[in-house]
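Working notes for the structure below.
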Amino acid sequence: MYSTPFSPAEARSARARVGLSTAQVAQSMTACGTPVRPELVEAWEYGSQMPTEAQLFVLADVLWCPPTTLMGAEPRTLAEHRMARQLSVERLSQLIGMDPALYWAAESARQWNGDYRQTKALVEALGLSLRKLIGVMGRDEELSGHLRTAIDGRWKSHVGPVAKITTLNKTRVSDALRTMHGEFAEFSERYMGHVVARNDDSRLKEVAAERSAYLRRLVDHFWELIGDAGEAPPFNTVPTY
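At position 73 of the sequence shown (counting the first as 1) the number is 162 in the numbering used here, and the numbers step up by one without a gap.
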């Protein structure tokens, strides 16, 4: 069952910054229409209980901080992006013109399949960049699979599939894949060089660790190479969805 992301440590810090006691937080939340007791606020701050979405939104208002602060991390999933904007399932469904049950199913499955109009409305409602939209659509794993195969093989054959997933032009994708293919080849060359030279195991392990770290960041590194286009909102040009 999905639970609201919440950081007890960040909640304690946020309350300390505004100088409120747990009793004052509870009183303010109750005045805002969300009745809670000081004991519940304390339970949130020490992790024995977690707030509901509605409680999280009101708590953020009372503590004068964005929901992402209390969530403890930057949003990555569709649900987390929605909560970062303090939108309920019902309200966001209304904004994008989708049946709440269908929206909830997409959010639960972490797989977005809305049409062009709904996707455009989702981007506007949640303030998504192209990079974040691909993650929200549940396509990061698919993208990672293509990147992993491309860097260790014939990268040119993956330009089309990656361009289709990301809606980026093929020239930009080609430049990124060529760079990543070259970077990954260096790891193999260095590793084999140490093997041939019969260097000690510690050096081989060091190169292997660098290679593993590179593979873990494939998607992030791809977007770093793409640059500004990945951080810009999509739908600025011809529809591609």
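For each residue, glycine too, the CB sits at the ideal point set by N, CA and C.
For the pair K259 and A252, the CB atoms are nearer than the 7 Å cut-off. When secondary structure is reduced to three states using DSSP, A321 falls in the coil class, being assigned neither helix nor strand. Under the 10 Å beta carbon count, G224 is surrounded by 16 or more other beta carbons and is classified as buried. Excluding five sequence positions before and after A112, the CB atoms of its chain that fall closer than 6 Å to its own CB belong to P127, given in chain order.
Secondary structure note for F311: its alpha helix (DSSP H) is the uninterrupted segment L307 to I315. In the displayed model, F276 falls within a helix according to three-state DSSP. If you compare the alpha carbons of V130, L232, E196 and C154 with that of W312, the shortest gap goes to L232. Membership of H247 in any alpha helix (DSSP H) is not indicated, and neither H nor E is assigned to it by DSSP. With fewer than three CB-CB distances shorter than 8 Å, the region 127-143 does not count as touching the region 191-200. In the displayed model, W193 falls within a helix according to three-state DSSP. Taken through DSSP and simplified to helix, strand or coil, M226 comes out as coil. Pairing I185 with Q200 gives a Cβ-Cβ distance that is not under 7 Å.
In this structure, F324 lies near K209, with their beta-carbon atoms less than 7 Å apart. The C-alpha of H170 lies about 6 Å from the C-alpha of L215. Collapsing the DSSP output to three states places Y205 in a helix. At the C-beta level, C154 and A98 stay beyond 7 Å of one another. According to the DSSP assignment, P97 belongs to the alpha helix (DSSP H) that extends over P97 to V107.
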